[in-house]
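Asks: Quick one: this structure, given as structure tokens, is what I'll be asking you about.
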Amino acid sequence: MQWETVIGLEIHVQLATKSKIFSGSSTTFGAEPNTQASAVDLAMPGMLPVANEQAFRYAIMFGLAIDAEINKRSVFERKNYFYPDLPKGYQTTQLAEPIVGAGHVDVQLSDGSSKRIRIHHAHLEEDAGKSLHEDFHGMSGIDLNRAGTPLIEIVTEPDMRNSEEAVACARKLHAIVTSLGICDGEMAQGSMRFDVNVSVRPKGEDKLGTRTETKNLNSFRFMERAIKLEVERQIELIEDGGSVTQETRLYDGDKHFSRAMRSKEEANDYRYFPCPDLLPVVFDDDYIARIKADLPELPDNRQARFIEQYGLSLYDASILSAEANMASFFEAVVKACDDAKLAANWILGELSARLNSEEQSVSASKISAVQLAALIKRIKDNTLSSAGAKKVFEALWNGENNDVDAIIEANGLKQVSDTGALEKLVDEVLAGLPDQIAQYQEADEKKRKKLMGGFMGPLMKASKGQGNPKLFTEILIRKLGE
Amino acid sequence: MSIQQSDVEKIAHLARLEVSAEQAQRLTKDLSNILDLVDQLQAAKTDGIAPMAHPMDAEQRLRADTVTETNQRDALQSVAPAVENGLYLVPKVIE
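Shown next, in the form of structure tokens:
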């Protein structure tokens with residue numbers, strides 16, 4: 001039987017506010033446990049929430065970016081459940097009246113087509129703390145620094161039909177929130193977390209199959225693999241005469257294995273009700289219009305601009321424009337070296353290879369945009385050969401020195417482009433190679449090209465690798481033709 | 483009785499509150515009385531009236547995004563039953 005996969009996503013996006021959504025505690029990542037957990041975050045008796053305007057502003061920015069309706073009136077509700085990293089016993093969230101209504105994103109697929117994914121809504125809520133289960137004499141350790149960090153939860157419609165579409169949608173949302181500057185996008189730190197709802201149904205069937213939810217995926221790669229694994233599991237289950245149980249599953253990316261979380265009989269009995277501690281939040285049209293007027297450039301617009309302004313190919317432009325950090329790095333390099341083509345080549349080549357192998361984003365690059373631009377300038381003015389440039393890149397990356405010119409000097413990488421000096425070297429080398437010269441002069445055009453290598457080797461050696469190969473070739477052709 | 487003792491026991495369990503059978507019996511009676519009062523209110527005609535999210539007809543005031551809290555961990559943890567390495571310790575909750 002032919003099966004069709006149906007996927008919907010729920011995405012938790014940590015908003016890049018300085019303080020929490022309902023308290024004045026800092027949201028800085030990586031602080032000592034519980035040093036950013038105030039009496040409000042700990043739900044001490046008598047504490048009351050005071051909502052952070054910036055969280056709303058960010059949520060509205062997101063809504064405008066996905067062409068969604070902004071609900072001018074939104075209401076917080078209590079989602080009640082017991083867990084020690086949720087000290088209040090409820091999560092303050094939005095249900096019936098979320099800040100962001102229905103919208104959509106368009107994603108590019110590898111076959112060149114594009115697909116529209118509908119967003120059901122996005123709502124504001126608070127994050128929970130973290131539970132650590134290892135090695136506390138049979139107890140669990142609770143860190144509440146994250147408790148109260150503002151989130152938007154983005155809920156898509158079940159519009160995706162395979163893992164590629166789901167990952168493309170996730171990447172697009174990542175690009176949008178980072179371009180807006182409302183989230184740092186650091187997935188390894190949990191700044192964006194994906195829950196994936198997957199079901200399968202016989203092709204042609206309208207009714208949706210029973211879905212499972214795989215929670216808390218924090219990389220695109222794990223997301224793709226978790227979806228494929230779950231689709232296989234469901235199809236196998238049904239083909240073996242079984243049926244899919246609606247359940248929450250956990251995926252272990254390192255072991256490529258998933259399991260059902262222990263199902264609770266009272267699952268989803270959240271007893272939502274409007275939070276009496278918070279009044280409805282209301283914005284007027286002016287407020288929203290002002291945010292719209294100040295909206296930063298979105299990935300789709302930036303991609304078009306990169307093609308237009310810098311003459312990049314669609315492929316190069318799509319990669320360089322997707323992430324705000326990458327885009328601004330690229331533009332900083334271009335601004336400083338005035339060569340978009342070389343900048344794109346070095347960023348997509350050497351730099352990306354390095355970042356990928358160290359699993360880092362461009363914000364963690366060990367080479368700054370200014371340094372890369374300085375390196376490119378030395379390629380442009382013929383100081384560096386491409387081999388020499390790679391050596392300088394190495395030295396910069398390894399932190400041997402942070403000045404391009406100093407590295408060139410210290411390692412003798414300066415290309416000799418003084419024609420007089422090069423001519424002299426060519427004369428000297430040619431004087432010792434009469435047989436090769438004769439061979440060259442008898443050869444036809446095609447063969448001559450091959451024979452050039454026999455001269456270039458000794459020439460580079462004689463110049464200690466510093467002769468400009470382009471100039472050497474020019475001089476050689478001229479001299480050998482005489 | 484608008485609710486059963488089993489409802490009270492279920493809600494108590496969801497909130498991880500320990501109530502004895504005797505307490506549950508009393509609570510069932512008290513809560514039922516409250517719910518009966520609500521039932522009387524339900525008799526009022528509310529067709530076409532949007533539900534209120536809050537009894538006060540007012541809007542939420544918002545605060546600026548600034549960090550105003552300082553680290554009070556030592557003071558806050560002085561009342562915790564168990565702490566270690568800055569973490570609050572609780573009975574093991576892993577699934």
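One line per chain: the protein sequences are A and B, in this order.
1 is the number of the first residue of the first sequence in my numbering; add one for each residue after it.
483 is the number of the first residue of the second sequence in my numbering; add one for each residue after it.
Yeah, the Cβ is synthetic: ideal placement off N, Cα and C, and Gly gets one too.
Tell me, please, whether the CB atom of A535/B is closer than 8 Å to any CB atom in chain A?
Replies: yes
Asks: Run the CB neighbour count on A324/A, radius 10 Å, all protein chains shown included, and call it buried at 16 or more, exposed below.
Replies: By the beta-carbon neighbour count (other beta carbons within 10 angstroms, threshold 16), A324/A is buried.
Asks: Quick check: the Cα distance between A410/A and K366/A, rounded to an integer number of angstroms?
Replies: 20 Å
Asks: When the Cα of S328/A is compared with those of F306/A, S313/A, K447/A and L64/A, which residue comes out closest?
Replies: F306/A
Asks: Could you pull out every residue in the same chain whose Cβ sits closer than 6 Å to the Cβ of E265/A, ignoring the five residues on either side in sequence?
Replies: A caution first: E265/A carries a pLDDT of 48, below 50, which makes its placement in the model too unreliable to give a value.
Asks: Under 8 Å between beta-carbons, which chain A residues line up against G530/B? List them in chain order, please.
Replies: Correct list: empty, because the minimum Cβ distance to chain A is about 18 Å.
Asks: Among the candidates E213/A, L375/A, K20/A and D294/A, whose CA atom is the shortest distance from the CA of I11/A?
Replies: E213/A
Asks: Output the boundary residues of the alpha helix (DSSP H) element that contains G432/A.
Replies: Taken as a continuous stretch (DSSP letters only), G432/A belongs to no alpha helix (DSSP H), as it is neither H nor E.
Asks: State the beta-bridge partners of A122/A as determined by DSSP.
Replies: V100/A and I154/A
Asks: To which residues of the same chain is L471/A closer than 7 Å at the C-beta, ignoring the five residues directly before and after it?
Replies: S417, T419 and L422
Asks: How would you call R146/A, buried or exposed, if buried means at least 16 neighbouring beta carbons within 10 angstroms?
Replies: buried
Asks: Using a cut-off of 7 Å between C-beta atoms, extract the partners of F136/A located in chain B.
Replies: E566 and L571
Asks: Below 8 Å, how does it come out for the segment 92 to 102 of chain A and the segment 69 to 78 of chain A: are there three or more Cβ pairs, yes or no?
Replies: yes
Asks: If we call anything under 8 Å between Cβ atoms a contact, is G148/A one with I99/A?
Replies: no
Asks: I'd like the list of long-range same chain contacts for L396/A, defined as Cβ closer than 6 Å, with 5 residues on each side in sequence excluded.
Replies: Correct list, in chain order: I367 and Q371.
Asks: How many angstroms separate the CA atom of N301/A from the CA atom of Q36/A?
Replies: 38 Å
Asks: For D547/B, decide whether its Cβ has a neighbour in chain A, counting only Cβ atoms nearer than 8 Å.
Replies: yes
Asks: Taking only three categories from DSSP, how would you classify T210/A?
Replies: When secondary structure is reduced to three states using DSSP, T210/A falls in the coil class, being assigned neither helix nor strand.
Asks: For the beta strand (DSSP E) that I7/A lies in, which residues bound it at each end?
Replies: Per DSSP, I7/A belongs to the beta strand (DSSP E) from W3 to Q14.
Asks: Please confirm whether G8/A has its beta-carbon closer than 8 Å to some beta-carbon of chain B.
Replies: no
Asks: Hey, out of K88/A, V167/A, D67/A and M261/A, whose CA is closest to V107/A's CA?
Replies: V167/A
Asks: Looking at chain B, which residues of the segment 133 to 165 of chain A have a Cβ within less than 7 Å of any of its Cβ atoms?
Replies: H133, F136, G138, M139, S140, G141, I142 and D143
Asks: Assuming L229/A and S258/A are in contact, meaning their beta carbons sit under 8 Å apart, how far apart are those beta carbons, in whole angstroms?
Replies: Cβ-Cβ separation between L229/A and S258/A: approximately 6 Å, consistent with a contact (criterion under 8 Å).
Asks: Verify the CB distance criterion: does A389/A have a CB-CB separation below 8 Å to chain B?
Replies: no
Asks: Can you list, in chain order, the residues of the segment 53 to 71 of chain A whose Cβ is nearer than 9 Å to any Cβ on chain B?
Replies: E53, Q54, A55, F56 and R57
Asks: Can you tell which of H256/A, G101/A and P45/A has its C-alpha closest to the C-alpha of N558/B?
Replies: For the sequence presented, residue 558/B should be read as Leu rather than Asn. When each option's Cα is compared against that of L558/B, the closest is P45/A.
Asks: With D316/A as the anchor, note down where its alpha helix (DSSP H) starts and where it stops.
Replies: L314 to A322
Asks: Against chain A, with Cβ distances strictly below 8 Å, would K580/B count as a contact?
Replies: Because residue 580/B is not part of the residues shown, which for chain B are 483 to 577, the question remains open.
Asks: Out of A353/A, I408/A, E394/A and A343/A, state which residue places its alpha-carbon closest to the alpha-carbon of I376/A.
Replies: A343/A
Asks: Since L279/A meets chain B, which of its residues come closer than 7 Å, beta carbon to beta carbon?
Replies: H536, M538, A540, E541 and Q542
Asks: Given that Y83/A touches chain B, what residues does it touch there, using C-beta distances under 9 Å?
Replies: V575
Asks: Does V490/B come within less than 8 Å of chain A when only Cβ atoms are used?
Replies: Chain A contact via Cβ: absent.
Asks: Measuring CB to CB, does L413/A end up less than 8 Å from K391/A?
Replies: yes
Asks: Say whether chain B places a C-beta atom closer than 8 Å to the C-beta of G46/A.
Replies: no
Asks: As a quick exercise: from D85/A, A55/A and T27/A, pick the residue whose alpha carbon is nearest that of E551/B.
Replies: T27/A
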